[in-house]
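For reference, each letter of the sequence shown is one residue, going 1 to 612 in the UniProt record's numbering. A virtual CB, placed ideally from N, CA and C, is assigned to each residue, including glycine.
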Amino acid sequence: MPRHRLSFDQFDLLASGGADATTIDALRAGQRSRRRLLLRTIVDMATATPIEGADAFPPAQAAWHVLEEAEHRDPAACDDILMHPQFGTWAARTLLRLRTINTGPDHPADPPLWLEVGHLHAIAASAAARSGIRYSGRIPVHGGYAVLPGFGAAHVGDHETVAVEIDHGVLHLSGPAVHVAVPAAVPDEVTSTDHRWHPIRRLTATAAGRSLTVTLDDLDPYRDFRDPQPPARLPPEEVLDWHRLLTGAWEILVADDPDGAELLAATVTSVVPLPASRRFQTFSATSAEAFGSVMISLPEDATTLAVTLEHEYQHIKLGGLLHLVQLAIPTLDTATYYAPWRGDPRPVTGLVQGVYAFLGVTRFWQRRREAGLSGAAAELADLEFAHWREQTWDAHAALRGSPALTALGQRWSDRVGAQLARLRDVPVDAGAAAAARMSATDHRAGWRLRHLAPDSSEADRLSAAWAAGQPAWLPPPAVTVTDGPQVRGLGPRTSLSRLRIVDPAALTRLRDAHDDLEGFDDTTAADVALIAGDDATAADHYRAEITKCPTWLSRWTGLGLALRRIRPEAAAALLSQPEWVYAVWHRLAARTVPAPPPDDVAAWLANARTAP
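Here it is in structure tokens:
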């Protein structure tokens, strides 16, 4: 069995954003060892813990013996089951529930504990089917499906459990008035005319002699890292969409970095499909426990899928590394930070994850820029590269000063920083750099508005000074970070800036006819005018929208962006300290009719003197 000890050279390679085959093998070996330990602990705790309803299954120790026999018969087949990404999600979740069984009520979304522990027998049955040994037992039913992880699922209807028998190469699933039989073989070779049987789906993409094969997992109840979900079979046309997009994404990854693509293919083994999200706002996620799996909303094109895979590949590598070493001790830094890729304040561990993932994103767009693109594709690559290298650099600057970093964490940070510094030296088109700065400024100002709370007494004093016709004084920094309203994605104006590049005709339709455009339902005429370059019209619209709904926070930052060339001093305050403009204006609006124009208050604060 491969050792899971990393050398410093392998650690440094990972920290620099790269990998090689031996490093990926070491990460996988670490996961394998961890999962065996989790499994043994679950068996021991389930044996020692009275669980209501668990007597529907054989003892937990019986499942362990089946897995031992399966491993003896066919180690590779048993290892496939153990390393199935969703095994890790189940194991971590089930162990946590066993450890906290007497600490309070379950979460309303939690399945019964007997069902979660009983899933151990479905894992054992899958290992038996894969390795060719005889088996007899019972497994739980999830939402009408009896699921064999990494193998397939049978629709058995309204049952809590079904019997499983494997004998003479046939797998039987039986319950009252239901019986499904399929060959007990390698899943790819299982064929059945029984419409109730749903084999696990695998998609393969090939380019330049290199292949990527992933499970398109719509069956496993632990495929969603957040909560268990019953199987939800994709319709055939969506499977074709995923195959088409995966093929296109793989062609891009192989063309830009063939060796790196092969390492990604060795790491990303499962895609959990989610419904399509808003345009330019693809949702994706990984979990350190589900090594190799990625949840992704159906992307709009192959390039989006390619960069999403690269992004989550970074998370998977880092998740594997963090199961072997500690980069940060969260209790040594309880502050929360601005993260340019999120709408909420993030702990230091969130910065560690995000900086590493977006180092990968930045490198992806740099490779795209070197691929000889032209037209809109080249312009978009320039914009994305300029945007993410600066945003990631800024986040890394906050991270490297954190007292939470261990010695290894500091070493990791230094090597990530060296890669980002190299990328910052790469020349980029001036227009792309300006558009990237606008998106970055927009996002940061919006975050400040939602999460920085000005001192209330200072805001009262400032509003009184305005009312008395006195000059403003420089307010203290707003350092109180609050939860505030959460916003997903990078915002409509960032999406519109991408639309301006890839589909300018659509932006023109929005501007001229205010057509509804799918994926842009949260934009307004002000946003469209701003991205189209009509600052004066955008400013007028934003003022009107603020008057109508002052708590619509993105209107305030939009006004700041629209005023950059019209009234720069007001723009400076709206974009650098919007929380103070907002706090003072609200106090004035509560006692002054009509309320003063928000940009007048912003300009007044921009000319503040030193505090009295």
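Determine whether the beta carbon atoms of residue i and residue j lie at a separation below 8 Å.
| i | j | result |
| --- | --- | --- |
| alanine 562 | tyrosine 582 | no |
| tyrosine 222 | glutamine 366 | no |
| leucine 496 | isoleucine 531 | yes |
| leucine 321 | alanine 249 | no |
| leucine 148 | serine 174 | no |
| histidine 323 | serine 284 | no |
| glycine 144 | histidine 155 | yes |
| glycine 558 | alanine 526 | yes |
| alanine 436 | glycine 560 | no |
| alanine 163 | leucine 120 | no |
| leucine 449 | leucine 553 | yes |
| leucine 245 | leucine 305 | yes |
| leucine 82 | isoleucine 101 | no |
| leucine 408 | leucine 318 | no |
| arginine 389 | leucine 423 | yes |
| serine 413 | valine 348 | no |
| proline 477 | glutamate 579 | no |
| glutamine 353 | histidine 315 | yes |
| histidine 172 | glutamate 165 | yes |
Helix or strand or just coil, what does DSSP make of residue i?
| i | result |
| --- | --- |
| glycine 175 | strand |
| threonine 23 | helix |
| proline 477 | coil |
| histidine 168 | coil |
| serine 439 | helix |
| serine 297 | strand |
| leucine 219 | coil |
| arginine 3 | Any reading at arginine 3 needs caution, since the residue's pLDDT is 49, under 50, leaving its predicted position unreliable; the model's value is listed next. Here arginine 3 sits in coil by DSSP. |
| leucine 452 | strand |
| tyrosine 145 | strand |
| leucine 212 | strand |
| arginine 226 | coil |
| alanine 205 | strand |
| leucine 274 | strand |
| valine 180 | strand |
| leucine 39 | helix |
| leucine 405 | strand |
| alanine 602 | helix |
| alanine 328 | strand |
| alanine 464 | helix |
| isoleucine 123 | helix |
| glutamate 579 | helix |
| residue 665 | Because the chain here runs from 1 to 612, residue 665 falls outside it and cannot be looked at. |
What separation, rounded to the nearest whole angstrom, lies between the Cα atoms of residue i and residue j?
| i | j | result |
| --- | --- | --- |
| alanine 7 | leucine 605 | The residue asked about is misnamed: residue 7 is serine in this sequence, not alanine. If you take the alpha carbons of serine 7 and leucine 605, they lie about 55 Å apart. |
| leucine 98 | isoleucine 133 | 30 Å |
| threonine 215 | histidine 65 | 28 Å |
| proline 2 | arginine 493 | Only weak support is given to the placement of proline 2: the predicted model assigns it a pLDDT of 44, under 50, and the value that follows is read from those uncertain coordinates. Roughly 49 Å separates the two Cα atoms. |
| arginine 363 | tyrosine 313 | 13 Å |
| alanine 232 | leucine 13 | 39 Å |
| arginine 369 | alanine 398 | 28 Å |
| alanine 128 | alanine 122 | 10 Å |
| isoleucine 566 | aspartate 442 | 17 Å |
| aspartate 80 | alanine 255 | 29 Å |
| isoleucine 296 | aspartate 220 | 15 Å |
| glycine 17 | serine 293 | 19 Å |
| glycine 491 | glutamine 391 | 15 Å |
| threonine 280 | phenylalanine 520 | According to the sequence shown, residue 280 is phenylalanine rather than threonine. Whole-angstrom Cα-Cα distance: 10 Å. |
| leucine 38 | aspartate 74 | 21 Å |
| leucine 253 | serine 33 | 31 Å |
| threonine 213 | arginine 201 | 10 Å |
| glycine 118 | leucine 96 | 15 Å |
Go to residue i, then tell me how far its alpha helix (DSSP H) extends in each direction, as first and last residue.
| i | result |
| --- | --- |
| tryptophan 388 | 375 to 400 |
| proline 75 | 75 to 82 |
| valine 352 | 348 to 369 |
| tryptophan 341 | No alpha helix (DSSP H) holds tryptophan 341; DSSP gives it neither H nor E. |
| tryptophan 556 | 554 to 562 |
| glutamine 10 | 8 to 15 |
| isoleucine 501 | 492 to 502 |
| residue 678 | Absent from the structure is residue 678, since the part of the chain shown begins at 1 and ends at 612. |
| histidine 107 | Per DSSP, histidine 107 belongs to no alpha helix (DSSP H) and is neither H nor E. |
Kindly identify the DSSP beta-bridge partner or partners of residue i.
| i | result |
| --- | --- |
| arginine 138 | Ala163 |
| glycine 152 | Leu148 and Pro199 |
| residue 613 | The question about residue 613 has no answer, for the chain in this structure spans 1 to 612. |
| serine 284 | Ile296 |
Does residue i get closer than 8 Å to chain E when you measure Cβ to Cβ?
| i | result |
| --- | --- |
| histidine 168 | You won't find chain E in this structure, because it holds only one protein chain. |
Any chance the CB of residue i is under 7 Å from a heavy atom of the ligand FMN?
| i | result |
| --- | --- |
| leucine 171 | Annotation note on the ligand FMN: not contained in the displayed structure, which lists no ligands. |
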